[in-house]
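For the record, the sequence lines run as chains Y and B. Following the working numbering, the numbering of the first sequence begins with -15 at its first residue and continues without gaps. Following the working numbering, the numbering of the second sequence begins with -3 at its first residue and continues without gaps. Let me begin by presenting the structure, written as structure tokens, before commenting on it.
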Amino acid sequence: KNEVEQSPQNLTAQEGEFITINCSYSVGISALHWLQQHPGGGIVSLFMLSSGKKKHGRLIATINIQEKHSSLHITASHPRDSAVYICGTETSGSRLTFGEGTQLTVNP
Amino acid sequence: NAGVMQNPRHLVRRRGQEARLRCSPMKGHSHVYWYRQLPEEGLKFMVYLQKENIIDESGMPKERFSAEFPKEGPSILRIQQVVRGDSAAYFCASSPQGANEQYFGPGTRLTVT
Chain Y
-15 KNEVEQSPQN LTAQEGEFIT INCSYSVGIS ALHWLQQHPG GGIVSLFMLS
35 SGKKKHGRLI ATINIQEKHS SLHITASHPR DSAVYICGTE TSGSRLTFGE
85 GTQLTVNP
Chain B
-3 NAGVMQNPRH LVRRRGQEAR LRCSPMKGHS HVYWYRQLPE EGLKFMVYLQ
47 KENIIDESGM PKERFSAEFP KEGPSILRIQ QVVRGDSAAY FCASSPQGAN
97 EQYFGPGTRL TVT
């Protein structure tokens, strides 16, 4: 059974800080997804990656397949980045298993 | 290109009634996934469908829940004889094919009274 663990569960930062959210999983996967859930509840897919690193604006996602670990980084954080960030791992058949999420609050 | 659409956005049902949740995938997407998010809990996979086929329903409760994705029209998640424990946000996602980025709909918030 694939266990997905995220850390930290809650994170409070000041505007401008560099933020890292971690995700560890227990079995081999075909891909890892990072999602953002807004305070209103809507979900946006940020990244899907199976190796290396991806960057989109101020967001960077990395994955280490050997270590079974991924990180999501936010540079120059802003209050509008406040949301829940969810890591999801894909094994067979495209089914995703999710972590519990990291609640990020960025204060001005 | 409209995103994934779900309706209704909010649904209130009394215990014992039926709930029907609809999901229209993005244009060109033939793969649909349903997820449930119980209050104060994380997202959980329910079912994965392609047009007219259920590919993986291992996350769906064995009783009262069913899903379909017909050749024409939206995907439907149906919950019969709802109970209070069914109150949750139900999200649908779609992708053009398997093993691809999934695009999420806004969710349907089901409240059972």
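For glycine and all other residues, C-beta sits at the position ideal for the given N, C-alpha and C.
Identify the contact partners of residue i in chain Y, using a Cβ-Cβ distance below 7 angstroms as the criterion.
i: P102 of chain B; result: G26
i: D82 of chain B; result: In chain order: nothing, as chain Y lies at least about 17 angstroms away.
i: Y86 of chain B; result: Under the 7 angstroms cutoff, chain Y gives no residues; its nearest Cβ is about 11 angstroms from Y86 of chain B.
List the residues of chain Y whose Cβ lies closer than 9 angstroms to the Cβ of residue i, in chain order.
i: F65 of chain B; result: Near F65 of chain B there are no residues of chain Y at all, since even the closest Cβ is about 14 angstroms away, more than 9 angstroms.
Straight-line CA distance for residue i to residue j?
i: L73 of chain B; j: L33 of chain Y; result: 29 angstroms
i: E68 of chain B; j: N96 of chain B; result: 22 angstroms
i: I47 of chain Y; j: V90 of chain Y; result: 24 angstroms
i: V43 of chain B; j: P57 of chain B; result: 10 angstroms
i: G12 of chain B; j: R105 of chain B; result: 17 angstroms
Using a Cβ cut-off of 8 angstroms, pull out every chain B residue sitting near residue i, in sequence order please.
i: I70 of chain Y; result: G38 and L39
Run through the DSSP bridge pairs and tell me what residue i is partnered with.
i: Q77 of chain B; result: In DSSP, Q77 of chain B forms no bridge with anything.
i: L56 of chain Y; result: Y:I5 and Y:A45
i: H62 of chain Y; result: According to DSSP, which records beta bridges pairwise, H62 of chain Y is partnered with nothing at all.
Just to make sure I have the definition right: I need the residues of chain Y whose C-beta is within less than 8 angstroms of the C-beta of residue i. Which are they?
i: E97 of chain B; result: H17, S29 and M32
Considering Cα atoms alone, identify which of the options is closest to residue i.
i: Q33 of chain B; options: B:R5, B:F41 and B:P21; result: B:F41
i: W30 of chain B; options: B:A85, B:P92, B:V108 and B:G24; result: B:A85
i: G(-1) of chain B; options: Y:Q20, Y:K52 and Y:I27; result: Y:I27
i: S90 of chain B; options: B:I75, B:K58 and B:F65; result: B:F65
i: I13 of chain Y; options: Y:L88, Y:I3 and Y:T81; result: Y:T81
Output, in chain order, the set of chain B residues within a Cβ distance shorter than 7 angstroms of residue i.
i: E84 of chain Y; result: G38
* Segment contact flag, the segment 76 to 87 of chain Y with the segment 31 to 46 of chain Y, C-beta cutoff 8 angstroms, min 3 pairs -> no
* Asked: Contact between the segment 51 to 64 of chain Y and the segment 5 to 25 of chain Y: three or more CB pairs below 8 angstroms?
  -> yes
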